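Asker:
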Ligand SMILES: [Zn+2]
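Residue numbers (this note's numbering): 9 to 811.
(1) In chain order, what are the residues with a CB under 7 Å from some non-hydrogen atom of ligand 1?
(2) Kindly indicate which three-state DSSP category residue 621 falls into: helix, strand or coil?
(3) Can you find the residues in the same chain that come closer than 8 Å, C-beta to C-beta, to residue 270, ignoring five residues on each side of it along the sequence?
(4) So, helix, strand or coil for residue 655, using DSSP?
(5) Under the rule that 16 or more other beta-carbon atoms within 10 Å means buried, what is residue 144, buried or exposed?
(6) Go through its chain and collect everything with a Cβ distance to residue 181's Cβ below 6 Å, but skip five positions before and after it.
(7) Go through its chain and collect everything with a Cβ distance to residue 334's Cβ below 7 Å, but skip five positions before and after it.
(8) With a threshold of 8 Å on Cβ separation, who are the neighbours of residue 696 within its own chain once the five nearest residues in sequence on each side are excluded?
(9) Which residues in the same chain have their Cβ closer than 6 Å to the Cβ of residue 617, if we skip the five residues on either side of it in sequence?
(10) Report the CB separation of residue 185 from residue 384 in whole angstroms; it is logged as a contact under 8 Å.
(11) Any idea if residue 369 is buried or exposed, counting beta-carbon neighbours within 10 angstroms, 16 or more meaning buried?
(12) According to the Cβ coordinates, are residue 435 and residue 39 closer than 7 Å?
(13) Between which two residues does the beta strand (DSSP E) containing residue 270 stretch?
(14) Which word fits residue 739, buried or exposed, when buried means at least 16 other C-beta atoms lie within 10 angstroms of its C-beta?
(15) Helix, strand or coil for residue 286 per DSSP?
(16) Mind checking whether residue 762 and residue 795 have CB atoms under 7 Å apart?
(17) Would you mind reading off the limits of the alpha helix (DSSP H) that contains residue 377?
(18) In this structure, how does DSSP classify residue 446 when only helix, strand and coil are distinguished?
(19) Using a Cβ-Cβ cutoff of less than 6 Å, which residues in the same chain neighbour residue 534 once the five nearest sequence positions on both sides are dropped?
(20) Nearest to residue 191 by alpha carbon, out of 141, 105, 138, 266?
(21) If you compare alpha carbons, which of 522, 320, 309, 396 is closest to residue 563?
(22) Would you kindly report the start and end of the unbroken beta strand (DSSP E) that includes residue 462?
(23) Take residue 178 and list the residues in its own chain whose beta-carbon comes closer than 6 Å to its own, dropping the five residues that flank it on each side.
(24) Locate the beta strand (DSSP E) running through residue 578, then write down its first and last residues.
(25) Throw me the rounded Cβ distance for the residue 210 and residue 322 pair, which I believe falls under 8 Å.
(26) Just reading off the alpha helix (DSSP H) that residue 122 is part of, what are its end residues?
(27) Can you name, in chain order, every residue of its own chain whose Cβ lies under 7 Å from the Cβ of residue 299, other than the five neighbours on each side?
(28) Looking at C-beta atoms only, is the number of pairs between the segment 571–580 and the segment 548–556 that lie closer than 8 Å three or more?
(29) Spell out the partners DSSP gives residue 471 in its beta bridges.
(30) Given that a residue counts as buried once 16 or more other Cβ atoms are within 10 Å of its Cβ, and exposed if not, what is residue 498?
(31) Does the beta-carbon of residue 804 have 16 or more other beta-carbons within 10 angstroms, so that it is buried, or is it exposed?
(32) If you run the structure through DSSP and keep just helix, strand and coil, what is residue 733?
(33) Where in the segment 385–459 do unbroken runs of the alpha helix (DSSP H), each at least 4 residues long, occur, reported from the N-terminal end onward?
(34) Candidates 361, 364, 240, 282: which alpha carbon is nearest residue 812's?
(35) Based on DSSP bridge pairs, tell me the residues matched to residue 528.
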């Protein structure tokens with residue numbers, strides 16, 4: 009019998025070795041995630057969203073890949089069709105790979121033979137597009153069919169050479185490897201995995217200390233190679249991932265984190281998606297190779313983000329110019345970039361840091377990001393997407409069906425089906441419960457098999473009923489995460505804090521008996537001999553909490569935000585006073601109650617409170633109007649009812665609000681101009697700039713027109729007697745295309761005739777200040793200013809006032 013066992017083991021190892029896809033027994037994260045395939049969600053919040061991702065997001069994402077030419081690129085490169093490169097960017101290949109990854113995840117929980125077959129065809133096309141030596145980059149392959157014509161300007165004549173800049177050759181491959189591993193694990197088919205291995209072997213052959221030494225311009229291949237290493241056991245892929253990290257810096261660009269060696273970096277800088285993908289790759293290496301230098305770097309960077317560069321919604325990357333990080337505490341709300349991909353990348357990084365350290369603070373950030381800035385990236389209908397996720401809007405933001413650069417929708421498509429994989433983590437004798445979502449899970453702790461189930465109504469209610477069902481009685485530790493928000497902590501660190509302490513304590517009981525477990529790193533640890541049917545109840549208090557920001561965040565000064573459980577709330581136009589919310593003031597002491605509204609936004613909790621609108625008076629004061637009800641909805645659900653005003657940080661003083669303009673003649677007029685744009689409303693919004701080049705204030709401009717006369721006109725409600733007018737010009741010199749104009753004149757409408765006013769002094773043209781003119785009083789039904797644009801420059805107006 010013994011001998012036979014040995015023989016079986018020997019046979020098994022031969023099978024494993026020859027299959028080439030065995031997982032080697034080697035070091036990895038001390039805590040292992042419980043794969044999403046073992047966790048079946050049964051809740052009303054995430055499970056329907058995962059279904060919708062499968063039913064709506066993935067099919068439309070593939071259909072955009074077909075209609076935009078992304079799939080056609082593979083067909084042409086593979087010789088199935090002829091023509092030139094069909095899309096805009098050389099990284100367009102990556103979208104197809106990311107959606108395959110999402111589809112593979114989705115297949116594991118939502119079997120779909122049609123989708124499975126579609127993937128087979130698509131993978132066949134990808135295989136044909138791969139060159140004989142393993143190179144895969146449709147833009148170059150297609151260009152070479154045309155004698156090099158059509159090669160993207162971001163790519164070099166020779167392979168790889170411009171990857172540090174913009175070619176994205178290695179970026180595409182990183183997503184290919186992630187997709188290949190997902191597809192192999194989902195279907196057991198090697199088709200895409202073999203393509204990935206052939207590609208990775210070429211990269212391994214071409215790159216190295218004495219070979220091509222170019223670091224990836226957009227990180228992600230590091231994570232992809234680690235996944236390839238895990239599934240094949242080939243150490244060279246792990247070494248290659250480390251090579252790509254170690255050759256970064258020190259004299260490159262901060263934009264893609266190449267300004268220093270990765271191990272010397274302590275601050276989050278540059279493009280935030282590139283950054284988080286890199287930190288995630290570093291965490292993987294730190295875990296597998298026990299690399300302290302990597303670990304120290306990402307730990308410092310995490311603190312730099314959480315203590316100064318993250319929004320209350322979990323969004324990161326404040327500025328659009330670099331699609332990335334700004335200085336600490338520079339967190340403007342209306343122009344917040346907070347790319348959806350960066351939220352997903354931040355979740356990747358925080359999950360890995362949890363797996364390394366077993367500390368709940370990483371899941372606090374993960375949960376905050378998941379329920380707010382990540383989720384805001386996709387509409388309830390699952391077919392509209394945000395690229396940036398701002399915290400305030402004047403109606404200029406709206407989710408789109410697709411983008412020329414489609415990184416965000418394809419990232420949503422692959423992230424959502426993997427959400428159940430973030431619920432639990434395990435070691436041989438510990439079960440970490442990180443997220444409270446109703447589910448049934450089958451979990452292995454070492455050799456012990458345990459069925460675990462949760463019943464909860466998260467994120468709306470903090471009560472959770474769990475069952476722990478070990479196959480046989482046994483001792484192990486259940487570690488229940490007690491989120492920061494249930495322990496009076498709005499976020500790890502002090503960037504945001506609850507305005508008041510709340511004394512309600514969380515409660516835990518086992519089999520009906522209340523217990524007081526030890527708290528360790530954000531987890532309540534219950535060590536006991538668990539037996540079939542054991543029940544745990546967790547009660548996390550969820551009062552409505554007011555949040556204040558570190559005073560160094562200028563845009564949040566004099567304001568509060570509202571949080572309940574992990575959910576951040578906002579005021580949105582459809583629920584509040586005639587669609588206006590930006591001029592609201594909320595009393596700091598105002599009572600806030602929460603209720604569930606089944607018919608609203610697919611069923612959601614809302615918060616009810618009261619506040620006042622503010623308005624400027626004709627005397628220039630700020631007037632507070634009558635108290636009225638104010639309704640708040642979860643931030644992630646905004647913009648599902650059309651574009652309009654929205655605000656997360658609610659002013660508590662009239663001075664910190666954006667008051668409605670005073671009922672001046674100009675404000676009550678109808679504005680006309682030679683060129684009508686959305687920004688025309690700036691001319692009478694009563695927001696005065698600090699200078700002629702103040703970018704924080706909206707302005708109206710005639711760019712690119714120049715060397716001609718233009719006009720703006722106010723049509724009055726009723727004839728008015730006027731005697732004075734003043735203008736504040738826009739001028740973005742020396743860099744921009746607008747300057748103060750050459751001259752201007754003022755006309756009024758009397759009857760049907762436009763007449764020039766009789767000015768009491770010559771009309772001046774001034775930069776950084778008002779140009780004011782008094783004229784002989786006239787009764788008019790309209791006033792117009794005509795503006796002569798400079799020969800070489802256009803012009804614009806911040807504000808135009810009439811008295
Ligand atoms: Zn993106």
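In this text, a Cβ means the ideal position worked out from N, Cα and C, and glycines have one as well. None of these values were measured; they are calculated from a predicted model.
Answerer: Working from what's here:
(1) 281, 347, 348, 349, 395, 415, 416, 419
(2) strand
(3) 253, 254, 256, 257, 286, 290, 302, 305
(4) strand
(5) buried
(6) 207, 229
(7) 326, 327
(8) 705, 736, 806, 807
(9) 598, 600, 638
(10) With 8 Å as the limit, residue 185 and residue 384 do not qualify as a contact, their Cβ atoms being about 29 Å apart.
(11) buried
(12) yes
(13) Segment: none, residue 270 is in no beta strand (DSSP E) and carries neither H nor E.
(14) buried
(15) helix
(16) no
(17) 368–377
(18) coil
(19) 486, 525
(20) 105
(21) 320
(22) 456–464
(23) 171, 224, 229
(24) 575–580
(25) With 8 Å as the limit, residue 210 and residue 322 do not qualify as a contact, their Cβ atoms being about 38 Å apart.
(26) 121–137
(27) 293
(28) yes
(29) 547
(30) buried
(31) buried
(32) strand
(33) 415–423
(34) For the chain, the structure presents residues 9 to 811; residue 812 sits outside this window and is missing.
(35) 531
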